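Peer 1:
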Amino acid sequence: MMNQLFTRELVRAGWSAVAAASILCNAGNVVLAQSEVAPSPPTPLMVDGSQFKLQGKPFRILSGEVEYARIPRADWRDRLRKVRALGLNTITIYVFWDLHEPQPGVYDFHGQNDVAEFVREAQQEGLYVVLRPGPYVCAEWDLGGYPSWLLKDHAMLLRSAQESYLKPVRRWMKRLGEELAALQASRGGPIIAVQVENEYGSFDVKEDRGDYMRKVKQIVIDSGFGESLLYTADGGDEEPKGSLPGVFAAVDYGTGDSDRSVAQMKAFRPNAPVYAAEYWDGWFDHWGEKHQLTDGAKQEAEIRSVIEKGYSINLYMIHGGTSFGWMNGANSGDAGYQPDVSSYDYDAPIDEAGRPRPKYFALRKMIAEVTHTTPPPVPDSAPLMTLLAVKLTESRSLWSGLPKSVHSSSPLSMEDVDQAYGYILYRTKIATDSPKDATLHFDALHSYARVYLDGQLAGVVDRRLGQSELNLTAKAGQQLDLLVENSGRINFTTNIRGERAGIVGDVKLNGAVLHNFEIVSLPLNEPPSEGYSATGCVGPCFYRGGFTVSKVGDTFLNTASLGKGVVWVNGHLLGRYWNVGPMGSLFLPGAWLHEGVNAITVMDLNGGKEIEVRGDDHPTYLDPKPESTEPKA
1 MMNQLFTREL VRAGWSAVAA ASILCNAGNV VLAQSEVAPS PPTPLMVDGS QFKLQGKPFR
61 ILSGEVEYAR IPRADWRDRL RKVRALGLNT ITIYVFWDLH EPQPGVYDFH GQNDVAEFVR
121 EAQQEGLYVV LRPGPYVCAE WDLGGYPSWL LKDHAMLLRS AQESYLKPVR RWMKRLGEEL
181 AALQASRGGP IIAVQVENEY GSFDVKEDRG DYMRKVKQIV IDSGFGESLL YTADGGDEEP
241 KGSLPGVFAA VDYGTGDSDR SVAQMKAFRP NAPVYAAEYW DGWFDHWGEK HQLTDGAKQE
301 AEIRSVIEKG YSINLYMIHG GTSFGWMNGA NSGDAGYQPD VSSYDYDAPI DEAGRPRPKY
361 FALRKMIAEV THTTPPPVPD SAPLMTLLAV KLTESRSLWS GLPKSVHSSS PLSMEDVDQA
421 YGYILYRTKI ATDSPKDATL HFDALHSYAR VYLDGQLAGV VDRRLGQSEL NLTAKAGQQL
481 DLLVENSGRI NFTTNIRGER AGIVGDVKLN GAVLHNFEIV SLPLNEPPSE GYSATGCVGP
541 CFYRGGFTVS KVGDTFLNTA SLGKGVVWVN GHLLGRYWNV GPMGSLFLPG AWLHEGVNAI
601 TVMDLNGGKE IEVRGDDHPT YLDPKPESTE PKA
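Start counting the sequence shown at 1; every next residue gets the next number (our numbering).
Put into C-alpha cells, the structure is as follows:
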C-alpha cells in the first residue's frame, strides 16, 4: 500500500509510471523522512567511469551553442539544420530570464520567446539539447540575463545566498520548469543535461561558495530538472571554486588553450569523462575596438584532437546571431567599461546571417573523418540582397512630446523608475552662475550622456572612455538636460551587483550637488508614430521613411554615414549603431520584411536635415576610433 501511494504521488508530480516504478526499485527499503527530497528518476544520460552513456550506450556530446533569442523565429529551423549538417548531435542553449519575466510575476513565452518550441524543433532535426537555465548566463547579454528590476532593491546581492535574491530565482525557475521540464529525455524529449549556474568559479566573492551553489542546485531540482544530468562548467583554473561534490564538472576555454585546460580537468576529476562545455571558436566585438577574427586552422586542429580522444565538446558559438534591440552586454576589467556591439557574429562557423563560412566546411569534413559518419546535406542559403539608398526626409525631435516626468530631489536610476533599457532624461535648472569652465561631475554614469544647456549641446561624457566629468560654464536659470543612454549593463564579474543604469549617485557642478530633477523615461520600445515633418531636425531626432522590395531576403543596413542611435524596421528594433566602429551595419533579417513597402525609423543623436541608409549584401566594418567622434559643442 505504501508503494502504491508513493507511486501515485510521483505520477501526480509529472513523472511517468515507469520512472516512478524505477525510483521504487532503486529506493529499496529506504524510508524517506518528510523533510527529505524524493530521488529523481534515472537520467538517460549518465556518467559511467570515463565516458557518458545515453540509454545505456556510450555517447559523446558533439554540440554547438545557438541562442533562440539571437535568431529570428522563422530562421530557427534553418540554423538547427545547419548545426546538424556540420555533423553535431547536440545543441547547447542559454535561457534569458530578462526576456521571459520583464516585470515581476509577468511571463512571456510567446512568439520569439517560445523557448520550448525551439527545443522541440531541435529534437525534430535530430539534435539533443544541453540546457543552461541560469539564473545567470553571462552570454555578452545585458546584466548576464538578469531582469533589471531585481536591482530596484538596492540591498540586492545578485548571485548570492541572500533570501531576497533566491526568492525570485525560485519563482522564475519553477515557471521555466513548467515550460521545459517535460522536454527532458527521461520523458521523451531532447534535453539530456542541465547546467547548475554558470562559471561561478570566476565570480570573485568571499562568501560561502558551496552554500550558494548547493541552493541553486536544489532550485534546479525543485524546478523539475533533476531527471537530467546536472553539471557545472568553469575555466580550468576556477573549477575547484565553481563545482560541487557529486555534480559532474566540465571545462571552458578558448583557442590555443586546449591541451592545458583538458589536462586541468583530468587532474581535477581524473576518473570522469572530459567535456569541453565551451570551446570558444571566435570572440565578440566592443565599440571602438577592432573587429575580432580568430585562427580557424588552430581551432580545427584543437577540435580534432578533442574528438579523436573520444572527448565531448561544445563549440561556443556555432552560430552567434544578433543581440537584437537593447540586449547587448558589456565587459568590465583592466580595460574599464567595454560595451558590446549588437552583432554577435563571433566569427563563428555560421555567420550572423546564417551563411556557413569556410571554417564550417573544414570542420564538417574533419568531423566526418574522425567519427566515420556522413552528415546530412548542408541546407542552401539564399543570397543576401541589396537595397538602393533610402533617404529619410521626415523627422521629429526627441524633445517633442516628451512623456510625463517624475520629480525627484536627486537622480534616480532606470531601475528606480521601473525602466529597463533605452534612454533616460534628467532635467533641472541651474541655481547660480558657475565660474568659467566649472566641472560637471557624475558620481557614477551608466553609461553615456549628452549634456545640453538650453537645448544646445555642451558636451559628451562617455563611461567607455573612463570619463565622469565635463567642463561646463552655466548661468543661473539655464535648463540643464542630461540625456543618458544605457549602453549595455556589465554581464561579468561582481560589478553586476551595482550595475544600475542611468545616473547612479549625485551630479555636482563646481562641487555643489544639483537637485530638483524632472526625470523622463525614454525606453524607446517603439518609435513615435506622429509629429513628423519635412522641415529638418536639430539635435537627437527620429527619421522615418519606407522602401519597397519585390522579394524578401536578408540584408545588412549600412549605417557608416550615421552618428549614434538605433534602427527599427517594421516595428522590429534591430539594434545599435555608432560611428566609433567596428560595426558599420546592422543585420536585417528577411523574415522581418514583406513584399511591398516596408517602414524604417532611425533615431540618431546627431540630427540634421535628412539621413540615408542602404542595404548591402555583406556586413560593413569601420576602422575603430577609440576616442569619441561626437559633434563638437
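From the three backbone atoms N, C-alpha and C, an ideal C-beta is built for every residue, glycine too.
Please read these numbers as outputs of a predicted model, since none were measured by experiment.
Leaving aside the five residues before and after Met385 along the sequence, list all residues of the same chain whose C-beta is less than 6 Å from its C-beta, in chain order.
Peer 2: Gly553, Thr555.
Peer 1: Quick check: Gly546 and Asn579, are their CB atoms within less than 9 Å of each other?
Peer 2: Against a cut-off of 9 Å, the Cβ pair of Asn579 and Gly546 comes out as no contact.
Peer 1: Report back the beta-carbon spacing between Pro190 and Leu127 to the nearest angstrom; my notes put them in contact at under 8 Å.
Peer 2: Contact flag correct, Cβ pair sits at about 7 Å.
Peer 1: With 16 other CB atoms within 10 Å as the buried threshold, where does Gly28 fall?
Peer 2: Unreliable placement is indicated for Gly28, whose pLDDT of 32 sits below 50; the coordinate value is still reported in the next sentence. Gly28 comes out exposed.
Peer 1: In angstroms, rounded to a whole number, what distance separates the CA positions of Lys309 and Pro379?
Peer 2: One C-alpha to the other measures close to 30 Å.
Peer 1: Out of Lys551, Val602, Leu293, Asn510, which has the shortest C-alpha to C-alpha gap to Arg396?
Peer 2: Checked all of Lys551, Val602, Leu293, Asn510; the closest Cα to Arg396 is Val602.
Peer 1: Quick one: is Pro637 buried, meaning 16 or more other Cβ sit within 10 Å of its Cβ, or exposed?
Peer 2: Since the first and last residues shown for the chain are 1 and 633, residue 637 lies out of range.
Peer 1: From Asp634 to Asn606, what distance separates their C-alpha atoms?
Peer 2: Nothing can be reported for residue 634: it is not among the residues displayed for the chain, which extend from 1 to 633.
Peer 1: From Ile313 to Asp418, what distance separates their C-alpha atoms?
Peer 2: Using only the alpha carbons, I get a separation of about 41 Å.
Peer 1: What residue range does the beta strand (DSSP E) around Trp578 cover?
Peer 2: Residues 572–578.
Peer 1: Count the other CB atoms, across all protein chains shown, that sit within 10 Å of the CB of Phe284; report buried if there are 16 or more and exposed otherwise.
Peer 2: Buried, since its Cβ has 16 or more Cβ neighbours within 10 Å.
Peer 1: Do Val115 and Val95 have their beta-carbon atoms positioned less than 9 Å apart in this structure?
Peer 2: The answer is yes: Cβ separation under 9 Å.
Peer 1: Within 9 Å of any Cβ in chain B, is that where the Cβ of Pro528 sits?
Peer 2: No chain B appears in the structure shown, which is made up of a single protein chain.
Peer 1: Helix, strand or coil for Tyr200, going by three-state DSSP, please let me know.
Peer 2: The answer is helix: DSSP assigns Tyr200 an H, G or I state.
Peer 1: Within 10 angstroms of its Cβ, does Val196 collect 16 or more other Cβ (buried), or is it exposed?
Peer 2: Counting Cβ neighbours within 10 Å, Val196 comes out buried, since at least 16 surround it.
Peer 1: Of all the options Gly563, Asp481, Leu151, which has the alpha carbon lying nearest to the alpha carbon of Met583?
Peer 2: Of the listed residues, the one whose Cα sits closest to Met583 is Gly563.
Peer 1: Return the CA-CA distance between Gly333 and His372, expressed in angstroms with no decimal places.
Peer 2: Each residue's Cα considered, the two are about 44 Å apart.
Peer 1: Go ahead and label Val513 buried or exposed: buried means 16 or more other beta carbons lie within 10 angstroms of its beta carbon, across all protein chains shown.
Peer 2: Exposed, by the Cβ-count rule.
Peer 1: How long is the line joining the alpha carbons of Ile350 and Asp108, rounded to whole angstroms?
Peer 2: Cα to Cα, the separation comes out at about 28 Å.
Peer 1: In three-state terms, what does DSSP make of Phe517?
Peer 2: Here Phe517 sits in strand by DSSP.
Peer 1: Glu179: which of Leu131, Gly615, Gly144 sits nearest, CA to CA?
Peer 2: Here the closest residue by C-alpha is Leu131.
Peer 1: Under three-state DSSP, which class holds Pro168?
Peer 2: Pro168: helix per DSSP, three-state reduction.
Peer 1: Between which two residues does the alpha helix (DSSP H) containing Asp78 stretch?
Peer 2: 76–85 is the extent of the alpha helix (DSSP H) around Asp78.
Peer 1: Pull up the distance between the alpha-carbon of Ile424 and that of Glu415, whole angstroms please.
Peer 2: For Ile424 and Glu415, the distance between alpha carbons rounds to 11 Å.
Peer 1: Met366 lies in the beta strand (DSSP E); which residues open and close that run?
Peer 2: Careful: Met366 lies outside any beta strand (DSSP E), inside the alpha helix (DSSP H) at 358–371.
Peer 1: I'd like to confirm the pairing. Which residues does DSSP put opposite Met46 in its beta bridges?
Peer 2: For Met46, which the question treats as bridged, DSSP gives the partners Lys53.
Peer 1: Could you tell me the boundaries of the beta strand (DSSP E) in which Pro273 lies?
Peer 2: No beta strand (DSSP E) holds Pro273; DSSP gives it neither H nor E.
Peer 1: Assuming Asn89 and Leu62 form a contact by the criterion Cβ under 8 Å, report the distance between their Cβ atoms to the nearest whole angstrom.
Peer 2: So it is a contact: roughly 5 Å between Cβ atoms.
Peer 1: Given that a residue counts as buried once 16 or more other Cβ atoms are within 10 Å of its Cβ, and exposed if not, what is Phe361?
Peer 2: Phe361 is exposed by the Cβ-count criterion.
Peer 1: Smallest Cα separation from Arg357: which of Thr294, Ala474, Gly177?
Peer 2: Ranking the options by Cα distance to Arg357, first place goes to Thr294.
Peer 1: If distances are taken between C-alpha atoms only, which option among Gly498, Gly235, Glu627 comes closest to Asp153?
Peer 2: Closest option to Asp153, Cα to Cα, is Gly498.
Peer 1: Apply the 10 Å Cβ neighbour rule to Thr432 and answer buried if 16 or more other Cβ atoms are within range, or exposed otherwise.
Peer 2: When all chains shown are included, Thr432 counts as exposed.
Peer 1: By DSSP, does Tyr621 sit in helix, in strand, or in coil?
Peer 2: In this structure, Tyr621 counts as strand in the three-state DSSP scheme.
Peer 1: Since Met265 is in the alpha helix (DSSP H), which residue starts that stretch and which ends it?
Peer 2: That run of the alpha helix (DSSP H) goes 258–268.
Peer 1: What's the gap between the Cα of Ala51 and the Cα of Ile91?
Peer 2: A small fix is needed here, since residue 51 is Gln in this sequence, not Ala. In a straight line, the C-alpha of Gln51 is about 19 Å away from that of Ile91.
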